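Engineer: Read in full-length UniProt numbering, the sequence shown has 348 at position 348, and its numbers run on one by one without any break. No residue lacks a Cβ here, since even glycine has one placed at the ideal position from N, Cα and C. Since this is a predicted model, take the numbers as computed values, not measurements.
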Amino acid sequence: MSSTPAKIPNYNLYILSQKLKYISLLKNCSSIRDLLQIHAQIQVSGLTRDGYLMSEVLRFCALSPFGSLDYARNLLYRVEHPIPSSWNHVIRGYSSSASPKEAILVYVAMRKNGKKPTYLTFPFLFKACACAGLSALEEGRQIQVEIVKHGLDSDVYVQNTLIHFYGCCREVVYARKVFDFMSLRTVSSWNSVLTACVENLKYGDSIVMFNRMRVCEFEPDEATLVILLSACTELGNLSLGKWIHSQVIVKGFPINCRLGTALVDMYAKCGAMDLAGLVFGRMLERNVWTWSAMILGLAQHGLAKEALELFAEMKSCPIRPNYVTFLGVLCACSHSGLVDEGYQFFHDMEQVHGIKPMMTHYGAMVDILARFGHLEEAYRFIETMPIEADPVVWRTLLSACGNYDANGNSWVGTKVKERLLSVEPKRIGNLVMVANMYAEVGQWEEAAVVRRAMRDRGLKKMPGESCIELEGSIFRFYSGDDSHIDFDRLNWMLNALNLHMKLANSDILISN
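(1) With DSSP collapsed to three states, give me the class of S17.
(2) Who are the Cβ neighbours of L421 in its own chain at under 8 Å, not counting the five residues just before and after it?
(3) Let's test the definition: count the other Cβ atoms within 10 Å of the Cβ of Q37 and tell me whether it reaches 16, buried, or not, exposed.
(4) Considering only C-alpha positions, which residue in the set Q351, I227, C257 is nearest to L201?
(5) Over what stretch of residues does the alpha helix (DSSP H) that includes T195 continue unbroken?
(6) Just checking, does the segment 181–196 make contact with the segment 138–152 on the three C-beta pairs under 8 Å criterion?
(7) Whole angstroms is fine: what's the gap from L369's alpha carbon to R395's?
(8) When the Cα atoms are used, what is the spatial distance from G260 to M283?
(9) Residues in the same chain with beta-carbon distance under 6 Å from L16, minus the five sequence neighbours each way, listed in chain order, please.
(10) Can you tell me where the alpha helix (DSSP H) holding residue 547 begins and where it ends?
(11) So, with DSSP's three-state summary, where would you put I368?
(12) Would you grab the beta carbon distance between L308 and V288 for me? Rounded to a whole angstrom, and I think it's under 8 Å.
(13) Does the beta-carbon of C333, which I'm using as the reference point, lie nearer than 7 Å to any heavy atom of the ligand ATP?
(14) Helix, strand or coil for V352, going by three-state DSSP, please let me know.
(15) For K19, which residues in the same chain have their Cβ closer than 8 Å to its Cβ, ignoring the five residues on either side in sequence?
(16) Check Y119 in the structure and name its three-state DSSP category.
(17) Counting only the same chain and skipping the five closest in sequence on each side, list residues whose C-beta sits under 8 Å from that of C131.
(18) From the DSSP output, in three-state form, read off S511 for me.
(19) Using C-beta distances below 6 Å, list every residue in its chain close to N160, excluding the 5 sequence neighbours before and after it, in chain order.
(20) I need the boundaries of the alpha helix (DSSP H) containing E424, first residue and last residue.
(21) Taking Cβ to Cβ, would you say G241 is nearer than 8 Å to L225?
(22) Identify, in the order they occur along the chain, each residue of the same chain with its Cβ nearer than 8 Å to the Cβ of L13, setting aside the five sequence neighbours on each side.
(23) Return the residue from the list L162, S154, V156, D155 that minimises the CA-CA distance to Q142.
(24) Output yes or no for whether 8 Å exceeds the beta carbon distance between V108 and R73.
(25) Measuring straight from C-alpha to C-alpha, what distance separates D153 and C317?
In structure tokens form, the structure reads like this:
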């Protein structure tokens with residue numbers, strides 16, 4: 001017995017065609033005004049009860065650059081039967097906004113509505129808490145309870161975002177705990193915990209975790225190597241940085257903007273400017289961060305002429321400089337004594353390029369002026385700053401006062417000492433610096449007063465910390481400390497370096 005397929009009623013075909021039309025219109029929508037017109041048409045056609053169609057409207061409102069999160073939220077609360085993806089779209093939109101905590105409030109409304117979250121809901125919530133930082137730590141912990149309640153505590157994607165959240169809230173111990181209790185890990189899991197270590201200055205821990213990753217036979221991806229290069233940069237571990245570069249080559253990763261910039265930055269900050277230049281020169285594509293890393297590296301290593309020439313070359317490309325670029329340019333001016341040029345670049349930074357100066361830029365300008373003896377001008381520059389100068393800026397000027405005002409007669413030095421001790425009175429380094437400056441110009445009573453104040457407050461100068469790379473590892477030790485487990489090896493290496501420097505000085509004397 002044969003049967004013929006049932007015919008779809010014309011009305012259903014009409015509804016389907018209308019839905020497809022509105023979805024197509026939404027995809028081509030380019031303004032909130034267009035969206036309001038489309039939404040009005042949907043209301044007239046009676047399709048506001050269609051969960052999928054309204055989810056698409058909410059997706060555009062919440063995630064499109066032409067949408068409106070406030071409109072999306074109000075619309076979500078008016079939809080009769082929103083499907084889970086509708087809630088997720090709005091939560092996701094707020095998680096990437098300037099008001100990430102609003103995502104949590106939408107989730108609360110979702111639960112009050114009796115709607116169950118999906119495995120996609122929680123990553124967006126953890127992202128929102130991560131963006132909010134420490135202020136959302138408690139909310140993030142409550143959401144962690146929610147994932148257990150809904151049986152999603154073993155989901156790898158959810159756990160990875162939980163690690164990221166704890167890392168952003170400076171809770172590396174909890175990030176490590178989540179990672180250690182994972183029954184299943186991916187490369188992204190390792191990258192999340194490595195990022196948590198690096199962003200919280202646990203650079204040594206990140207190297208240990210990477211070694212553990214290799215033991216567990218996980219192959220690093222591009223993101224892993226970028227994270228590790230960042231750790232090498234901060235540790236100054238050139239040999240490990242070179243090894244990571246070799247892995248980039250062995251694994252066939254293209255030197256794109258992301259990897260190339262990380263390599264340039266690592267080599268520059270480790271003092272290997274020749275290798276930084278080699279990588280920079282071979283890159284087929286560069287972004288503003290690549291140029292900025294190279295310019296700043298050249299400037300910080302005294303190659304001011306080359307840094308400014310590279311900046312001029314950058315301006316001929318269709319790439320706009322950013323705040324790091326100008327930090328490098330100002331640093332170059334400082335090293336080469338270009339005071340007038342420094343003023344001009346500082347002016348152009350905001351007036352031509354629209355980049356508002358940060359504290360580091362003001363500090364760089366103070367350094368330009370103070371380094372070449374313009375102490376009073378530097379002080380007046382600080383006084384006219386639109387933001388309150390931080391202690392670093394005052395220390396920069398005070399250090400210059402010590403170099404240029406040998407007799408301690410300048411009113412600038414006196415004023416700067418007062419200002420520094422008022423903004424940061426408990427920092428031992430400031431007090432030592434001020435006491436030494438008094439002593440250098442024979443003001444022994446003033447120096448004694450400062451040192452007496454240090455003793456009365458129970459403040460002691462910390463011994464100087466140094467580090468040395470030995471057989472691929474970074475060793476840190478303090479002046480006068482012989483308790484290090486590798487003291488004998490370190491002492492041998494330091495004696496060898498000392499002898500090497502003496503021989504180098506002897507060669508210079510002989511040649512002269």
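Structural biologist: According to the structure shown:
(1) Translated into the one-based positions of the sequence shown, residue 17 becomes position 17. Correct three-state label for S17: helix.
(2) Position 421 of the sequence shown holds residue 421. Contacts found: N430, L431, V434.
(3) Against the sequence shown, residue 37 aligns to sequence position 37. Result: exposed.
(4) Sequence index remark: in the sequence shown, residue 201 carries index 201 (1-based). Ranking the options by Cα distance to L201, first place goes to I227.
(5) On the sequence shown, residue 195 is found 195 positions in, with the first residue counted as 1. It spans 187–199 - the alpha helix (DSSP H) in which T195 sits, taken as one unbroken run.
(6) no
(7) Position 369 of the sequence shown, counted from the start, is the residue given in the question as residue 369. Position 395 of the sequence shown, counted from the start, is the residue given in the question as residue 395. Roughly 14 Å between the two C-alpha positions.
(8) As a working mapping, residue 260 is identified with position 260 in the sequence shown. As a working mapping, residue 283 is identified with position 283 in the sequence shown. Answer to the nearest angstrom: the Cα atoms are 7 Å apart.
(9) Within the sequence shown, the letter at position 16 stands for residue 16. Counting only Cβ-Cβ distances below 6 Å, and skipping sequence neighbours, we find nothing.
(10) Look at the range of the chain in this structure, 1 to 512, and you will see that residue 547 is not part of it.
(11) Within the sequence shown, the letter at position 368 stands for residue 368. Annotated three-state conformation of I368 is helix, per DSSP.
(12) Here residue 308 corresponds to residue number 308 of the sequence shown, with the count starting at 1. Here residue 288 corresponds to residue number 288 of the sequence shown, with the count starting at 1. So it is not a contact: roughly 17 Å between Cβ atoms.
(13) Questions concerning the ligand ATP fall outside what the structure shown contains, since it holds no ligand whatsoever.
(14) In the sequence shown, counting from the first residue as 1, residue 352 sits at position 352. The answer is coil: DSSP assigns V352 none of H, G, I, E or B.
(15) Stepping through the sequence shown from its first residue, residue 19 is reached at position 19. Once the five neighbours on either side are set aside, the close Cβ partners of K19 are L47, D50, Y52, L53.
(16) Along the sequence shown, read from residue 1 onward, the residue named residue 119 stands at position 119. Coil.
(17) Reading the sequence shown from its first residue, position 131 is the one you call residue 131. Excluding sequence neighbours, C131 sits near S95, S96, P100, C168.
(18) Taking the sequence shown and counting its residues from 1, one reaches residue 511 at position 511. Unreliable placement is indicated for S511, whose pLDDT of 49 sits below 50; no coordinate value is reported for it.
(19) Residue 160 sits at position 160 when you count from the first residue of the sequence shown. These residues qualify, in order along the chain: S188, S189, S192.
(20) Working through the sequence shown from its first residue, we reach residue 424 at position 424. Element bounds for E424: n/a, residue is neither H nor E.
(21) If you number the sequence shown from 1, residue 241 lands on position 241. If you number the sequence shown from 1, residue 225 lands on position 225. No, Cβ-Cβ distance for G241 and L225 is not below 8 Å.
(22) Looking up residue 13 in the sequence shown gives position 13. Cβ within range, chain order: n/a, list empty.
(23) For the purposes of this step, residue 142 is identified with residue 142 of the sequence shown, where counting begins at 1. The shortest Cα separation from Q142 among L162, S154, V156, D155 belongs to L162.
(24) Looking up residue 108 in the sequence shown gives position 108. Looking up residue 73 in the sequence shown gives position 73. If you check the CB distance, V108 and R73 do not come in under 8 Å.
(25) Stepping through the sequence shown from its first residue, residue 153 is reached at position 153. Stepping through the sequence shown from its first residue, residue 317 is reached at position 317. When rounded, the distance between both Cα atoms is 49 Å.
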